[in-house]
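Participant: Supplied in structure tokens, the structure appears directly below.
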Amino acid sequence: GGMGRIWIVVESLYSMDGDFAPLKDMVALADRHDAFLMVDEAHATGVYGEQGRGLTVPYEGRENLLVVHTCGKALGAAGALVTASGVLRDFMVNRCRPFIFATAPSPLMAVAVREAILILQQEPERQQRLTKLVAFAHREMRERGWKSPSDSQIVPCIVGDNARTMRLASALQARGFDIRGIRPPTVPAGTARLRISLTLNVGEDDVRAMLDALIEETKGELQ
Ligand SMILES: Cc1ncc(COP(=O)(O)O)c(C=O)c1O
Numbered sequence: 126g127g128m129g130r131i132w133i134v135v136e137s138l139y140s141m142d143g144d145f146a147p148l149k150d151m152v153a154l155a156d157r158h159d160a161f162l163m164v165d166e167a168h169a170t171g172v173y174g175e176q177g178r179g180l181t182v183p184y185e186g187r188e189n190l191l192v193v194h195t196c197g198k199a200l201g202a203a204g205a206l207v208t209a210s211g212v213l214r215d216f217m218v219n220r221c222r223p224f225i226f227a228t229a230p231s232p233l234m235a236v237a238v239r240e241a242i243l244i245l246q247q248e249p250e251r252q253q254r255l256t257k258l259v260a261f262a263h264r265e266m267r268e269r270g271w272k273s274p275s276d277s278q279i280v281p282c283i284v285g286d287n288a289r290t291m292r293l294a295s296a297l298q299a300r301g302f303d304i305r306g307i308r309p310p311t312v313p314a315g316t317a318r319l320r321i322s323l324t325l326n327v328g329e330d331d332v333r334a335m336l337d338a339l340i341e342e343t344k345g346e347l348q
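Count along the sequence shown from 1, then add 125; that gives the number in my numbering.
Spelled out as structure tokens, the structure:
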């Protein structure tokens, strides 16, 4: 009963649980209610979809879809880019106050982003290698009797207690693994966690060693 158009805003891959939004349902929901769908691909850009274009690839070209790709994560630069229909683009160019009144991003950054996109287009083996590594990690987790709630490159290990989470993170860092503890309010109270992010900087042996260390440090009490 409100005024104006409805906007549905989701992340395609959630940053703290590593789970995926049901995009197909979201697209149908937006169509049913004549709504816009805005998808933040921050953690999927460069990792999922053809040429790393994210999880919205099957819906590209839709008039009611607006996609945000951050450039500071997999693309290794900074800033973000938006893909949308011409009408939405013109609307943003004319009405987005931060876009109109902030200094434009450096052209150097645009060059870095363009190079990153070219690498994604020309070297699909990087994406394939990461997909393989993620599948390997989840297989190894299952073999160790631990199933993380995620299926993606973001692997949360829910600990619960804040102090214990930070102690575990320090212990794993001391063993050479760059694993950070995440506490409320970044995540809901009682769900403090270790957040493992798999990248191409590591190989299968590192993943195995990391999981062994994790199980040792948590005394096998992984959730
Ligand atoms: C889901 C999501 N969107 C957007 C951003 C913002 O990215 P940036 O800081 O590169 O602008 C982040 C940053 O962590 C994020 O997690």
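No residue lacks a Cβ here, since even glycine has one placed at the ideal position from N, Cα and C. None of these values were measured; they are calculated from a predicted model.
Can you tell me where the alpha helix (DSSP H) with residue 359 in it begins and where it stops?
Facilitator: A query on residue 359 cannot be resolved here, the shown segment of the chain reaching from 126 to 348 and no further.
Participant: With H, G and I counted as helix, E and B as strand and the rest as coil, what does DSSP make of residue 360?
Facilitator: Nothing in the structure corresponds to residue 360, since the chain is present only between 126 and 348.
Participant: Taking only three categories from DSSP, how would you classify residue 101?
Facilitator: With the chain running from 126 to 348 in the structure shown, residue 101 is simply not present.
Participant: Which residue marks the beginning of the beta strand (DSSP E) containing residue 322, and which one marks its end?
Facilitator: First-last of the beta strand (DSSP E) with residue 322: 317 to 322.
Participant: Indicate the three-state DSSP secondary structure (helix, strand or coil) for residue 192 in the structure shown.
Facilitator: DSSP places residue 192 in strand when its eight states are reduced to three.
Participant: Are residue 164 and residue 174 closer than 9 Å when you measure CB to CB?
Facilitator: Not in contact: residue 164 and residue 174 (Cβ atoms no closer than 9 Å).
Participant: Verify whether the separation of the beta carbon atoms of residue 208 and residue 188 is less than 9 Å.
Facilitator: For residue 208 and residue 188, no; Cβs fall outside 9 Å.
Participant: On the criterion of 16 or more Cβ atoms from any shown chain inside 10 Å, does residue 84 qualify as buried, or is it exposed?
Facilitator: Beyond the ends of the chain as shown, which are 126 and 348, falls residue 84; an answer cannot be given.
Participant: Starting from residue 136, trace the alpha helix (DSSP H) in both directions and tell me its first and last residue.
Facilitator: No alpha helix (DSSP H) contains residue 136, which is instead part of the beta strand (DSSP E) from 132 to 136.
Participant: The beta strand (DSSP E) with residue 281 in it runs from where to where?
Facilitator: 279 to 285 is the extent of the beta strand (DSSP E) around residue 281.
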